[in-house]
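Trainee: Numbering (my numbering), first residue to last: 1 to 158. Handing you this structure, nothing more for now.
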Ligand SMILES: Nc1ncnc2c1ncn2[C@@H]1O[C@H](COP(=O)(O)OP(=O)(O)OP(=O)(O)O)[C@@H](O)[C@H]1O
Ligand SMILES: [Mg+2]
């Protein structure tokens with residue numbers, strides 16, 4: 001597990017970019033954090049790394065959105081599981097066929113989306129207890145061989 005303190009939205013995007021630069025087709029990233037924690041902000045940076053040019057927003061009502069990326073990069077599948085009650089409901093979306101050719105990022109994915117891939121990167125974002133403090137603490141945890149071979153300390157940054 002690696003930890004980093006993120007002071008601004010721009011730094012959260014930069015963290016997302018570092019994660020994106022380390023992603024390849026078939027990768028799964030699960031994002032944990034309260035409303036407004038910065039999950040979508042991180043996905044915006046991850047999209048930049050893959051060459052997404054359109055605006056990335058939470059797919060709360062459509063649940064899943066696929067973004068085209070630059071030539072040679074896997075597509076970005078951005079999922080928001082907030083409105084889904086369970087892993088079974090998640091499975092009904094039938095996203096599995098797309099996963100192998102995508103980088104799949106799931107907001108509110110913990111406990112619902114792990115079955116999409118054998119290995120995944122868990123990103124846990126925690127807000128400061130103080131209302132005026134916009135600092136976030138981010139923990140990166142690799143599950144499975146795919147992410148234990150990556151240097152999460154380097155991705156997390158200083
Ligand atoms: N240190 C920070 N890290 C991330 N975002 C920050 C930070 N400081 C301020 N912000 C702001 O907090 C908001 C985070 O919103 P964002 O949509 O990324 O959250 P979210 O976790 O996706 O929420 P939701 O669960 O509603 O989808 C943005 O407006 C962003 O600019
Ligand atoms: Mg969001």
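Built from N, CA and C at the ideal position, the CB exists for glycine as well.
Helix, strand or coil: which one does DSSP assign to residue 107?
Mentor: If you number the chain shown from 1, residue 107 lands on position 107. Residue state, collapsed to three classes: strand.
Trainee: Could you compute how far the alpha carbon of residue 12 sits from the alpha carbon of residue 100?
Mentor: To locate residue 12, count along the chain shown from 1; it is residue 12. To locate residue 100, count along the chain shown from 1; it is residue 100. Cα-Cα distance, rounded: 26 angstroms.
Trainee: Within 10 Å of its beta-carbon, does residue 16 have 16 or more other beta-carbons around it, so buried, or fewer, so exposed?
Mentor: Residue 16 sits at position 16 when you count from the first residue of the chain shown. Classification for residue 16: buried.
Trainee: State yes or no: is the C-beta of residue 28 within less than 7 angstroms of the C-beta of residue 47?
Mentor: Position 28 of the chain shown, counting from 1, holds the residue named residue 28. Position 47 of the chain shown, counting from 1, holds the residue named residue 47. Cβ atoms of residue 28 and residue 47: not closer than 7 angstroms.
Trainee: So the alpha helix (DSSP H) residue 97 belongs to, where does it begin and stop?
Mentor: The residue labelled residue 97 in the question sits at position 97 within the chain shown. Its alpha helix (DSSP H) spans residues 96-99.
Trainee: Taking residue 74 and residue 103 to be in contact with their CB atoms under 8 angstroms, please state how far apart those CB atoms are, rounded to whole angstroms.
Mentor: The sequence position of residue 74 within the chain shown is 74, counting from 1. The sequence position of residue 103 within the chain shown is 103, counting from 1. The pair is a contact, with the Cβ atoms about 5 angstroms apart (cut-off 8 angstroms).
Trainee: Just grab the DSSP bridge partners of residue 62 for me.
Mentor: As a position in the chain shown, residue 62 is number 62, starting the count at 1. According to DSSP, residue 62 bridges with nothing at all.
Trainee: Exposed or buried, residue 114, counting other C-beta atoms within 10 Å across all chains shown (16 or more means buried)?
Mentor: Sequence index remark: in the chain shown, residue 114 carries index 114 (1-based). So residue 114 counts as buried.
Trainee: With residue 154 as the anchor, note down where its alpha helix (DSSP H) starts and where it stops.
Mentor: Numbered from its first residue, the chain shown carries residue 154 at position 154. Here the alpha helix (DSSP H) through residue 154 covers 152-156.
Trainee: According to DSSP, which residues form a beta bridge with residue 142?
Mentor: Taking the chain shown and counting its residues from 1, the one referred to as residue 142 is at position 142. Paired residue(s): 121.
Trainee: Would residue 61 be called buried (16 or more neighbouring beta carbons within 10 Å of its own) or exposed?
Mentor: One-based indexing of the chain shown puts residue 61 at position 61. Burial call: exposed.
Trainee: Say whether the stretch 47-56 touches the stretch 114-127, bearing in mind that this needs 3 or more beta-carbon pairs closer than 8 angstroms, one atom from each stretch.
Mentor: Touching, no, given that fewer than three Cβ pairs across the two stretches are closer than 8 angstroms.
Trainee: Out of 70, 78, 14, 65, point me to the one whose CA is closest to residue 30's CA.
Mentor: Along the chain shown, one-based indexing puts residue 30 at 30. The candidate whose alpha carbon is nearest that of residue 30 is 78.
Trainee: What number of angstroms, rounded off, separates the C-alpha of residue 97 from the C-alpha of residue 91?
Mentor: The residue labelled residue 97 in the question sits at position 97 within the chain shown. The residue labelled residue 91 in the question sits at position 91 within the chain shown. Rounded to the nearest angstrom, the two C-alpha atoms are 11 angstroms apart.
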